[in-house]
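Chemist: For what it's worth, the working numbering labels the leading residue of the sequence shown as 284, then goes sequentially. Please read through the structure below; I'll follow up with questions.
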Amino acid sequence: MDKKILALCDMGSVRGISVRYLSSFIKSKACRVKLIFPLLPSRGFDSLPRLSDIQKQNVYNFLLEHEISHLGFQLMTGSFKAFKDLVKYLRSKHWQGTIIAGGVHAFICPEETLCDGVDYVVVGPGEESLLAILKGDVSLNEISGLWYRHEGVVINNPISNDAYIPLNELPFPDYDFSDHYLIKDEINVFTLKLFNKHNTWGGKQYYLTTSRGCPYRCTYCCNVNHKHISRASIDHIMLELKQAKEIFPDLVGINIEDDCFFLGSDEWTRDFSVRLKNEINLPFIIRIIPRFASKERLELLRDHGLKYVSLGLQGSERLNRDIYLRKETNKSVIDSCNIMAKLGITYIIDIILDNVYETEDDLREIASTLNQLKRPFKLNLFSMTVFPGTKFYEKVVNDNLLDKFSTDPYESVNLPSKKDGYKTPLYWKRLYDVISINSGREIDKLIKSNPLDEHSVKLVDKLFNRFSFKMKCAQYLKQNHAYLFDLILDLLSFLRKLRS
Ligand code: SF4
């Protein structure tokens, strides 16, 4: 038997969907793979994304104990420094195995990723390239998207079109926990219980990918699949979900992670909904681009189990049009949310804040757009993260504004990590949350007011405290009593339908 053993490492989350896809693919080619999850601490001002000394030591011990020959990393920009630090540590201990890095950060910053101690960087889809490295049966200059050093010179191969394997041809993500490990202060084999404990929603949602790619080109986004949009067949998806129900007997829902669920035809959407209801019968969540939403599509999905929809407002029309190059309008967001409110679908709206280019007019316009939606809704407020390699990054650097942003993509994602960077006034952030469950004349006045008006600030703070208490209760329910949480949501949807 081939002595080579690959360990694939994800430091971001136990979900690790990319390493799970890679692992299944490599295993399907008769190679041995283990997954390791040395999770980084949660991020913020005081906790930098680095592995602890004990975790690094445990990774090293693991590599020796399991005779790992190849160590592959799935990198985001936020895990790059921890990766570099770990590689330095392993090499200082004279670990001789092959180190390979791929993922979003490798795609946007390959040269930086090929740092000291790293043998190969794979840019673009990793399945075939990783397999070729592991088997060693293809010459290096023929491997798609490979960056490596040869006699001191960095060589970079182009990404081959053949590297984009259609979703239908990829084996399902690897959830064979027997050779998966959680590395914290000790090394634990992943049990289902441990996996659920470290997963969002207590592990009761199955994260499903039905398509890769997105038709949009938002300037701040580092989606690496823009050019290659693909969707799995409905047969393939149903098979994956049936397997998932066997592995996770306590599933209460499916979280469809596609960037834009409405990519395909109406026919695909109809067949998918019907078969999902008949064969799987679990409620589900989707992410949509508002312009592609229609009453017919949403109603069809609602009738077959759609519960939540996530969509992006992101900014004012000026920010969307001129800075983010998104073809969305306030109207398209309001229209799709109105349809969902009528249908009793809960919607979750993404907004990007802490953006140096935003003005008070932009912030007021966002509040006013939110104020036109039916309550309640959920908000995800993100801090603008300027990822290297994006168009937005180029603009920020040209305008000499990089220092002014409060989020450093190497230290945190979507959360401020620089104390002195620009942050959206708290007044607006809190008001948005308040608007998500309140309406009326008081809110209208607060939108017209501003953070310099002491009376308005006090009122927003008071309403926000009430909001926070309710959210904490909801969070507790969601994590510990998912059924009850869904029941309450159903009741709210029903009341909302009655009102509209
Ligand atoms: S819609 Fe989302 S996934 Fe698509 S380009 Fe914009 S931010 Fe990226």
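Where a beta carbon is used, it is the ideal one built from N, C-alpha and C, also for glycine. Being a predicted model, the structure only gives us computed values, none of them experimental.
Look at the Cβ atom of K657, then the Cβ atom of C620, and state whether they are nearer than 8 Å.
Modeler: Walking along the sequence shown from the start, residue 657 turns up at place 374. Walking along the sequence shown from the start, residue 620 turns up at place 337. Yes, the Cβ-Cβ distance between K657 and C620 is below 8 Å.
Chemist: Is the beta carbon of F531 less than 8 Å from the beta carbon of Y490?
Modeler: Here residue 531 refers to the residue found at position 248 of the sequence shown. Here residue 490 refers to the residue found at position 207 of the sequence shown. Going by C-beta atoms, F531 is not nearer than 8 Å to Y490.
Chemist: Is Y499 a contact residue of the ligand SF4, with contact defined as CB to any heavy atom under 7 Å?
Modeler: For the purposes of this step, residue 499 is taken as the residue at position 216 of the sequence shown. Y499: yes, Cβ under 7 Å from the ligand SF4.
Chemist: For the ligand SF4, is there a heavy atom less than 7 Å away from the beta-carbon of N506?
Modeler: The sequence position of residue 506 within the sequence shown is 223, counting from 1. N506 Cβ: within cutoff of the ligand SF4.
Chemist: Grouping DSSP H, G and I as helix and E and B as strand, with all else coil, what is R495?
Modeler: By 1-based counting over the sequence shown, the position of residue 495 is 212. Strand, per DSSP.
Chemist: Which partner residues does I633 have in the DSSP bridge list?
Modeler: Counting from 1 along the sequence shown, the entry for residue 633 is found at position 350. Reading the sequence as shown, one finds Asp at residue 633 and not Ile. DSSP output for D633 lists G595, N663 as bridge partner(s).
Chemist: With DSSP as the reference, please indicate the residues paired to C292 in a beta bridge.
Modeler: To locate residue 292, count along the sequence shown from 1; it is residue 9. Its beta-bridge partners are I319, F356.
Chemist: Are V302 and L289 touching if we call contact CB-CB under 8 Å?
Modeler: Here residue 302 is taken as the residue at index 19 of the sequence shown, counted from 1. Here residue 289 is taken as the residue at index 6 of the sequence shown, counted from 1. Contact: no.
Chemist: Please tell me whether T552 has its Cβ less than 8 Å away from any Cβ of chain C.
Modeler: Annotation note: the requested chain C is absent from the structure, which comprises a single protein chain.
Chemist: Is the beta carbon of I635 within less than 7 Å of some heavy atom of the ligand SF4?
Modeler: Residue numbering aside, residue 635 sits at position 352 when the sequence shown is read from its first letter. Answer for I635: no, Cβ out of range of the ligand SF4.
Chemist: With DSSP as the reference, identify every bridge partner of T381, one or two as the case may be.
Modeler: Taking the first residue of the sequence shown as 1, we reach residue 381 at position 98. DSSP lists H353 as partners of T381.
Chemist: Three-state secondary structure (DSSP) at H463?
Modeler: Here residue 463 corresponds to residue number 180 of the sequence shown, with the count starting at 1. Three-state DSSP puts H463 in a strand.
Chemist: Considering just the uninterrupted stretch of the alpha helix (DSSP H) at I617, what are its terminal residues?
Modeler: One-based indexing of the sequence shown puts residue 617 at position 334. Where I617 is concerned, the enclosing alpha helix (DSSP H) stretches over 613 to 626.
Chemist: Would you grab the beta carbon distance between A384 and F345 for me? Rounded to a whole angstrom, and I think it's under 8 Å.
Modeler: Walking along the sequence shown from the start, residue 384 turns up at place 101. Walking along the sequence shown from the start, residue 345 turns up at place 62. Contact flag wrong, Cβ pair sits at about 18 Å.
Chemist: If L596 sits next to V616, beta carbons under 8 Å apart, how far is it from one beta carbon to the other, in whole angstroms?
Modeler: By 1-based counting over the sequence shown, the position of residue 596 is 313. By 1-based counting over the sequence shown, the position of residue 616 is 333. Yes, they are in contact, since the Cβ atoms of L596 and V616 sit about 5 Å apart, within 8 Å.
Chemist: If A446 sits next to S412, beta carbons under 8 Å apart, how far is it from one beta carbon to the other, in whole angstroms?
Modeler: Translated into positions along the sequence shown, residue 446 becomes position 163. Translated into positions along the sequence shown, residue 412 becomes position 129. Between S412 and A446 the Cβ distance is about 7 Å, and since that is below 8 Å, they are a contact.
Chemist: What number of angstroms, rounded off, separates the C-alpha of L608 from the C-alpha of T690?
Modeler: The residue labelled residue 608 in the question sits at position 325 within the sequence shown. The residue labelled residue 690 in the question sits at position 407 within the sequence shown. Approximately 21 Å between the Cα atoms of the pair.
Chemist: Looking at N654 and S751, is the spacing between their C-beta atoms short of 8 Å?
Modeler: In the sequence shown, residue 751 corresponds to position 468, counting from 1. In the sequence shown, residue 654 corresponds to position 371, counting from 1. No, the Cβ-Cβ distance between S751 and N654 is not below 8 Å.
Chemist: The alpha helix (DSSP H) spanning V743 covers which residue range?
Modeler: In the sequence shown, residue 743 corresponds to position 460, counting from 1. Here the alpha helix (DSSP H) through V743 covers 737 to 763.
Chemist: Do G496 and H519 have their C-beta atoms within less than 8 Å of each other?
Modeler: Residue mapping note: residue 496 aligns to position 213 of the sequence shown, counting from 1. Residue mapping note: residue 519 aligns to position 236 of the sequence shown, counting from 1. Result no, Cβ atoms of G496 and H519 do not sit closer than 8 Å.
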